[in-house]
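Student: One structure follows; several queries about it will come next.
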């Protein structure tokens, strides 16, 4: 507190403020009065509950017996615990096959994504090569303007990729955004590191493999996770380009179970069908709930990694973009 | 093109001095290209990918101006000029599509845009790191779920056999069809979009908030500024650049009302209020194979979208903020 206030009355004020600010040190804002702080906490708790409760409810339903759902559906803990719904979906061949396809697409697809993106990004980070700006624009333009769905459809049809599992991988080998993100990261690596490796006699390939890639683990993890989550959640490439439903990935099958199930029931206004069959252990609601949980669990398993890297990645993109 | 960058002193110690005559320069360019051959080789697969999967389809755009015959192919189909665009603009469907798309986007912008900002401001007041992390971790989880799964969770509540309807039936009331009622469709879309993304959207604002210089607050306090005045005069101006950037980007994407989400909630009963350009192009083009009209509609959307994003970028740059390119 270098500035001295003009009036004496204010100076005690300032001294107080200074004392206060010293006690909270790194805090940017004053502490709120208790009532304001309570309201803030309350709102945040409500926001958290709005997000959390629907998922917890689905989880509880998936483990509950059907008749319990009709009695009191607002459960957050399973009632009359049963795993029948899960038994049912693990016996559903379509779902398991779709799961296998999605795992394949996610693993192979992400690997290919990273290979193509990293090589391209490394090359484009070399600003001294002739034509560098032209090549960079070649990558940026598709972010601004695409040919659209139908020309893409016709192209894929012409090269015979329609109705093949590879249509979920090949047309999306490189996402321009990820390429630019990675390129900017490579670009920010000091040139001198590469030079010293070259002086030691390393080849270009060697430089990329032993110097650049180890330094780029954070960006590779971020971009890899971007791609992997993209593949896992990819819905429209299959919707557009795969009409043979034996080749559907998980999300398409999920849709037909979770949403079209609803569509089927939509016309029936009477609840008699529900009541009649309520003695059954498994109901469409259980199965839908179990299917949703089945699709969430893999994301939940990688969530700690997702969180760690995605938050960093989003900063990376905004700071160095 | 690359002549300038050839001369950029980029750490190559043997690089000769520039301006030694044209011939020399050409030879030097050749040498430079030859020296960079490994780099070109690395870029090659990516360029081939872009050539095939993003540039080759541009050729397919021509069918928007042709009477496309599958047997004849794109090349040999006869030109018809702007006929498909004429029928697009004069059709009854088109104004409705455009209106739905823009209205849904605008609602989402109007109601959805402030939510992550407010959420970030509230989170910023929290001093318990554990509580803050916990709330954040929960609220951005839905971002990683696909719309199929998230819609499934929503349907669990509002579907015809969902919780709300079960409760209504149990208490002797009539069922309410959230999913087929045109009156609530847009509300449903906007609310679910907010629910899914507000936590994620707050991340970037929180980063911006943590970058504000704490001394500014001290100074404001000395000047007698209360809490709200501090927020108004320091916090908000501090994150103004990022707010402006994200707002411009969202405005540029006004014709993208979100295919994934809309598709999950859409059904023929709500086409009047919920059918957007993307869902229409899908139905018309892929399901009904009306390639020409669907391409024309898609092209319209693409061109407007491009104009908007270039405009947004120009505005951001004029404002003196960091632009996209």
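Protein chains in written order, with this note's numbering: chain S, 3 to 323; chain W, 50 to 374. Cβ coordinates follow ideal geometry from the N, Cα and C atoms, glycine included. Since the structure is predicted, the reported quantities are computational estimates derived from the model, not experimental observations.
Could you tell me the alpha carbon to alpha carbon distance between residue 312 of chain S and residue 220 of chain S, rounded to whole angstroms?
Tutor: In a straight line, the C-alpha of residue 312 of chain S is about 10 angstroms away from that of residue 220 of chain S.
Student: To the nearest angstrom, how far is the alpha carbon of residue 240 of chain S from that of residue 309 of chain W?
Tutor: Each residue's alpha carbon lies about 12 angstroms from the other.
Student: Would you check if there are 3 or more beta carbon pairs closer than 8 angstroms linking the stretch 147–166 of chain S to the stretch 332–349 of chain W?
Tutor: Counting Cβ pairs under 8 angstroms, three or more are found: they touch.
Student: Give me the chain S residues within the contact set of residue 124 of chain W, using Cβ-Cβ distance strictly less than 9 angstroms, ordered along the chain.
Tutor: Going along chain S, no residue has its Cβ under 9 angstroms from residue 124 of chain W, so there is no contact; the nearest lies around 11 angstroms.
Student: Taking three-plus beta-carbon pairs below 8 angstroms as touching, is the stretch 356–366 of chain W in contact with the stretch 298–318 of chain W?
Tutor: The stretch 356–366 of chain W is in contact with the stretch 298–318 of chain W.
Student: Using the beta-carbon of each residue, which ones in chain W are nearer than 7 angstroms to residue 206 of chain S?
Tutor: Those are 87, listed as they occur along chain W.
Student: For residue 246 of chain W, decide whether its Cβ has a neighbour in chain S, counting only Cβ atoms nearer than 8 angstroms.
Tutor: Judged by the 8 angstroms Cβ criterion, residue 246 of chain W is not in contact with chain S.
Student: Could you give the DSSP three-state label for residue 128 of chain W: helix, strand or coil?
Tutor: Strand at residue 128 of chain W.
Student: Which residues, in order along the stretch 216–248 of chain S, keep a beta-carbon less than 7 angstroms from a beta-carbon of chain W?
Tutor: Cβ contacts with chain W: 231, 235, 237, 238, 242.
Student: Would you please state the rounded distance, in angstroms, between the beta carbons of residue 181 of chain S and residue 308 of chain S? I believe it to be under 8 angstroms.
Tutor: About 21 angstroms separates the two Cβ atoms, so there is no contact after all.
Student: Are the beta-carbon atoms of residue 107 of chain S and residue 48 of chain S separated by less than 8 angstroms?
Tutor: Contact flag unset, no.
Student: Determine the contact status of residue 234 of chain W and residue 349 of chain W, defining contact as a CB-CB distance below 8 angstroms.
Tutor: For residue 234 of chain W and residue 349 of chain W, no; Cβs fall outside 8 angstroms.
Student: I'd like to know if residue 138 of chain W contacts chain S, where contact means its C-beta is closer than 8 angstroms to some C-beta of that chain.
Tutor: Chain S, which has no Cβ nearer than 8 angstroms to the Cβ of residue 138 of chain W, makes this no.
Student: Please list the residues of the stretch 340–359 of chain W that have a C-beta atom closer than 8 angstroms to any C-beta atom in chain S, keeping them in chain order.
Tutor: Listed in sequence order: 340, 343, 344, 347, 348, 350, 351, 352, 354, 355, 358, 359.
Student: Distance, Cα to Cα, residue 244 of chain W vs residue 151 of chain W?
Tutor: Cα to Cα, the separation comes out at about 20 angstroms.
Student: Given this structure, state the Cα-to-Cα distance separating residue 305 of chain S from residue 231 of chain S, to the nearest angstrom.
Tutor: Whole-angstrom Cα-Cα distance: 11 angstroms.
Student: Within this structure, are the beta carbons of residue 113 of chain W and residue 344 of chain W separated by less than 8 angstroms?
Tutor: Going by C-beta atoms, residue 113 of chain W is nearer than 8 angstroms to residue 344 of chain W.
Student: So is residue 178 of chain W buried or exposed if we call it buried at 16+ other beta carbons inside 10 Å?
Tutor: With fewer than 16 Cβ atoms within 10 Å of its Cβ, residue 178 of chain W is classed as exposed.
Student: Tell me whether residue 115 of chain W sits in a helix, a strand or coil according to DSSP, three-state version.
Tutor: In the structure shown, residue 115 of chain W sits in a strand (DSSP, three-state: E or B).
Student: Report buried or exposed for residue 77 of chain W, applying the criterion of at least 16 other Cβ atoms within 10 angstroms of its Cβ.
Tutor: Flag for residue 77 of chain W reads buried.
Student: Are there 16 or more other CB atoms within 10 angstroms of the CB of residue 299 of chain S, so buried, or fewer, so exposed?
Tutor: So residue 299 of chain S counts as exposed.
Student: Residues in the stretch 125–151 of chain S with C-beta within 7 angstroms of chain W's C-beta atoms, listed in sequence order?
Tutor: Within the stretch 125–151 of chain S, the residues whose Cβ lies closer than 7 angstroms to some Cβ of chain W are 125, 126, 128, 129, 130, 131, 132, 133, 134, 135, 136, 137, 140, 141, 142, 144, 146, 147, 148, 149, 150, 151, listed in chain order.
Student: In chain W, which residues lie with their C-beta within 8 angstroms of the C-beta of residue 115 of chain S?
Tutor: The contacting residues do not exist; residue 115 of chain S stays about 11 angstroms from chain W at best.
Student: Would you say residue 34 of chain S faces chain W, with C-beta separation under 8 angstroms as the test?
Tutor: Yes - at least one Cβ of chain W is within 8 angstroms of the one on residue 34 of chain S.
Student: So which residues on chain W does residue 57 of chain S lean against when the C-beta distance must stay under 7 angstroms?
Tutor: By Cβ distance, chain W contributes 202.
Student: Could you say if the stretch 167–182 of chain W and the stretch 242–262 of chain W meet the contact criterion of at least three C-beta pairs nearer than 8 angstroms?
Tutor: They touch, by the three-pair rule.
Student: In three-state DSSP terms, what is residue 202 of chain S?
Tutor: Coil, per DSSP.
Student: Under 8 angstroms Cβ-Cβ, which residues of chain S neighbour residue 205 of chain W?
Tutor: Simply 56, 59, 60, 63, 287, 290, 291, 294.
Student: Would you say residue 315 of chain W reaches chain S, if we count a Cβ-Cβ gap shorter than 8 angstroms as a contact?
Tutor: No, its Cβ sits nowhere closer than 8 angstroms to a Cβ of chain S.
Student: I want to verify the contact list: residues of chain S whose CB lies under 7 angstroms from the CB of residue 191 of chain W, in sequence order.
Tutor: Simply 53.
Student: So, residue 95 of chain W versus residue 122 of chain S, is the Cβ gap smaller than 8 angstroms?
Tutor: Yes, the Cβ-Cβ distance between residue 95 of chain W and residue 122 of chain S is below 8 angstroms.
Student: May I ask you to check if the CB of residue 177 of chain S is nearer than 7 angstroms to at least one heavy atom of the ligand MG?
Tutor: Among the ligands in the structure shown, none appear at all, so the ligand MG cannot be discussed.
Student: Using a Cβ-Cβ cut-off of 6 angstroms (strictly less than) and excluding sequence neighbours within five positions of residue 176 of chain S, which residues of its own chain qualify?
Tutor: Result list for residue 176 of chain S: 118, 119, in chain order.
Student: Return the Cβ separation of residue 71 of chain S and residue 204 of chain W in integer angstroms, given the expectation that the two are a contact with Cβ distance under 8 angstroms.
Tutor: No, residue 71 of chain S and residue 204 of chain W are not in contact; Cβ-Cβ is about 14 angstroms, not under 8 angstroms.
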